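**Student:** The numbering of the sequence shown is the working numbering, which starts it at 21 and goes up by one. Glycine included, every Cβ here is placed at the ideal spot set by N, Cα and C. Quick caveat: nothing in here was measured; it's all calculated off a predicted structure.
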Amino acid sequence: MENILLISNDILKHYSSSSTSASVDEKSVNIHSHEIIPLTIFDEVTHDGHIGVYLVFKPPMPSNEVLKDALSKVLVHYPHLAGRSVTDNLGRTCIVLNNAGVRTVETCIPTTVAEQLLLDASEHTNHLLPSVHGVEELCQVQLNRYACGGLVLGFTSHHRVADGQSILGSFFVSWSRIVRGLDIKLLPHHNRLSLSQPRNPPRVEFDHGSIEFRKPTTNLDTTMEFSSSSVETVFVNYSVEFVNKLKVMVNSRPSERYSTFACLLSHVWKKVTQVRGLGLEESSQVRIAVNGRTRISEPAVPVEYFGNLVLWAYPRLKVKELLNELMHISPKYFKSFIDFGATINRSGDELQESTPEFGGTLCPNLEVDSWLGFPVHDIDFGTGSPCAMVHPSSPFEGLVVFKPAVTEDGGVDVKLTLFAEHEQCSERKFIPKMELSHQDRISISQCYFPSNRRYTTKSVGRVGVFADHFGRNPCLLTFIAYEPEGTLLRRSEAGTDKRRKRRSSMDYHGGGLAESVN
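1) Looking at the unbroken beta strand (DSSP E) that takes in residue 159, where does it start and where does it end?
2) By DSSP, does residue 279 sit in helix, in strand, or in coil?
3) If we define contact as Cβ-Cβ less than 8 Å, is residue 329 a contact residue for chain C?
4) Hey, quick one: how far does the beta strand (DSSP E) through residue 389 stretch, first residue to last?
5) Helix, strand or coil: which one does DSSP assign to residue 316?
6) Taking 8 Å as the threshold (C-beta atoms), are residue 102 and residue 90 in contact?
7) Taking the Cβ atom as the reference point for each residue, do residue 434 and residue 422 lie within a distance shorter than 8 Å?
8) Suppose the cutoff is 7 Å on Cβ atoms and the five residues either side in sequence are ignored; what does the same chain contact list for residue 186 look like?
9) Would you report the Cα separation of residue 58 and residue 114, rounded to the nearest angstrom?
10) Mapping the DSSP letters down to three states, classify residue 67 as helix, strand or coil.
11) What is the rounded straight-line gap between the Cα of residue 194 and the Cα of residue 297?
12) Per DSSP, residue 172 forms a beta bridge with which residues?
13) With residue 128 and residue 180 assumed to form a contact (beta carbons below 8 Å), what rounded beta-carbon distance in angstroms separates them?
14) In this structure, what does DSSP give as the bridge partners for residue 32?
15) Mapping the DSSP letters down to three states, classify residue 257 as helix, strand or coil.
16) Give me the DSSP bridge partner(s) of residue 324.
17) Under the three-state reduction of DSSP, which class applies to residue 469: helix, strand or coil?
18) Within 10 angstroms of its Cβ, does residue 251 collect 16 or more other Cβ (buried), or is it exposed?
19) Kindly indicate which residue of 277, 192, 259 and 330 has the alpha-carbon position closest to the one of residue 93.
20) The alpha helix (DSSP H) with residue 219 in it runs from where to where?
21) Looking at the structure shown, is residue 102 part of a helix, part of a strand, or coil, going by DSSP?
22) Where DSSP assigns a beta bridge to residue 383, which residues make up the other side?
23) Tell me the DSSP secondary structure of residue 409 in three-state form.
24) Closest to residue 122 by CA distance: which of 401, 153, 88 and 148 is it?
25) Kindly list the residues whose CB is nearer than 6 Å to the CB of residue 169, restricted to its own chain and excluding five residues on each side of it in sequence; keep chain order.
26) Nearest to residue 183 by CA position, among 35, 418, 398 and 73, is which residue?
27) Given a cut-off of 8 Å, decide if residue 295 and residue 283 are closer than it, judged by their beta-carbon atoms.
28) Under 7 Å Cβ to Cβ from residue 411, same chain only, skipping five residues before and after it: list those, please.
29) With residue 309 as the anchor, note down where its beta strand (DSSP E) starts and where it stops.
30) Taking a contact to mean a Cβ-Cβ separation below 8 Å, would you say residue 280 touches residue 206 in this structure?
31) In angstroms with no decimal places, state the Cα-to-Cα distance between residue 66 and residue 330.
32) Specify the secondary structure class of residue 156 as computed by DSSP and reduced to three states.
33) Since residue 89 is in the alpha helix (DSSP H), which residue starts that stretch and which ends it?
34) With distances taken from CA atoms, which of 386, 99, 118 and 320 is nearest residue 292?
35) Compute the beta-carbon to beta-carbon distance between residue 152 and residue 132, rounded to the nearest angstrom, for a pair I have assumed lies under 8 Å.
36) Smallest Cα separation from residue 198: which of 384, 253, 97 and 60?
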């Protein structure tokens with residue numbers, strides 16, 4: 021990006037005993053000093069690389085010095101993030117808690133946060149995150165200060181250190197509390213050894229070697245040649261009204277009570293399948309991340325456990341089967357997986373995780389992540405929670421991410437990556453087949469917007485402007501609003517022909533929401 025000014029690029033370490041302030045417990049500073057922590061089986065099964073996210077905060081925000089001082093204090097309680105990856109004498113990948121530090125970058129950007137929101141997760145935002153190529157740091161923080169006083173906080177961490185619950189639900193909340201002069205409400209739980217203890221004797225009751233650790237398979241009949249320019253990102257905002265209406269329809273039977281995530285997933289899964297044009301007899305599999313913190317018992321795992329504790333459900337095809345399948349990842353399954361890890365460690369076999377490969381395609385399948393349980397509204401550095409939480413451009417087709425809408429408690433934002441051919445079909449299939457009630461209307465309008473300005477529109481109600489793509493400019497944005505169902509915002513193929521006429525509004529009427537979730 022032009023005119024970005026690099027202020028600093030340093031390594032920040034947590035408070036040492038020689039520089040401990042009164043607000044930091046000196047005993048806790050050295051409790052983990054130079055300890056070597058082997059990865060658990062849950063760490064090994066996840067993505068082997070950095071994952072990035074950035075949080076957008078409107079002005080005013082505390083100074084960078086205040087944020088960095090609080091960061092050095094909170095790292096005392098999260099020493100894994102300041103450690104390094106090593107190999108022990110048994111050949112195991114481990115984390116050494118040596119306080120080697122986290123990389124901290126400071127930049128100054130002569131624009132406003134409002135203008136940044138327009139760009140969202142396109143390639144024009146690469147400057148907001150530290151580079152992850154060849155880095156040895158397990159955690160990186162970039163403070164991007166804007167002319168208006170706002171801040172975009174870029175963050176990357178190695179996924180084998182901790183999952184999203186640990187980072188967004190624990191680390192960021194703790195950091196923000198220290199900035200506000202408060203104690204950490206729930207200290208992180210670091211006893212990974214107790215989590216990794218197998219039963220005696222171990223009982224591997226499921227075929228984990230061909231489930232969690234199998235290489236992703238593709239359907240040769242539907243796999244398309246992949247290139248970064250052939251994938252589009254679709255953003256959908258579902259309002260509180262839509263979510264509540266959907267849950268009423270899905271939970272019509274007293275014996276069947278499903279979460280917001282399960283209800284929305286069934287809805288989105290069906291719509292994506294329609295957009296892709298899959299045959300009725302074709303199988304479509306959804307890989308769903310399941311948090312083990314609420315599934316493992318005897319002993320129970322505290323919600324503040326810091327590390328990775330996620331496995332996956334693999335429902336197929338029917339919505340009813342999809343909803344029921346979520347319930348099948350039981351404590352028994354997690355225990356079997358722990359026993360499997362102990363068995364593999366003893367045999368010395370190498371494992372290959374089944375996470376999607378960068379630059380790959382999942383069609384006709386999907387990879388689904390949910391951030392709905394993360395307390396994003398508790399990430400408050402003193403002037404309010406973030407006005408946007410953005411997952412950078414996804415490196416593969418078929419990813420679905422559910423996030424809490426930062427502008428409205430209870431609303432949900434959904435990000436999907438689809439082939440451009442499928443994304444272009446979404447106007448014909450994804451939207452009309454919403455099958456809204458006669459009281460609901462969809463208005464669609466298209467027009468060109470330069471990417472260096474912020475625009476609003478009165479025709480679509482509450483809308484945030486997103487322009488997400490692998491680098492086309494100018495961008496053709498399509499605003500699709502339907503109330504109370506929500507707002508879909510997607511970026512279409514742009515081109516440079518500005519003579520294209522603005523489309524007239526169109527209204528669609530359907531036969532009721534119930535048909536769209538069955």
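**Tutor:** From the atom records:
1) Note, residue 159: beta strand (DSSP E), 159-166.
2) coil
3) Although the question refers to chain C, the structure presented lacks it and comprises just one protein chain.
4) Start and end: 386-390.
5) coil
6) no
7) Yes; because the gap between Cβ atoms is below 8 Å, this pair is in contact.
8) 326 and 327
9) 4 Å
10) coil
11) 45 Å
12) 76 and 164
13) The Cβ separation is near 33 Å, so there is no contact.
14) 122
15) Under the three-state reduction of DSSP, residue 257 is assigned to strand.
16) Paired residue(s): none; residue 324 is not in a bridge.
17) Here residue 469 scores only 25 on pLDDT, less than 50, and its place in the model is too uncertain to base an answer on.
18) buried
19) Ranking the options by Cα distance to residue 93, first place goes to 192.
20) Unbroken run through residue 219: none, as it is neither H nor E.
21) helix
22) The partner list for residue 383 (beta bridge, DSSP) is empty, contrary to what the question assumes.
23) strand
24) 88
25) 79 and 80
26) If we check each option's Cα against that of residue 183, 73 comes out closest.
27) no
28) Residues 73, 141, 421 and 435 of the same chain have their beta carbon placed closer than 7 Å to that of residue 411, with the five preceding and five following residues left out of the count.
29) Segment 306-311, the beta strand (DSSP E) holding residue 309.
30) no
31) 8 Å
32) coil
33) 84-94
34) 386
35) Residue 152 to residue 132, Cβ: 27 Å. No contact.
36) Checking every option, the nearest Cα to that of residue 198 belongs to 97.
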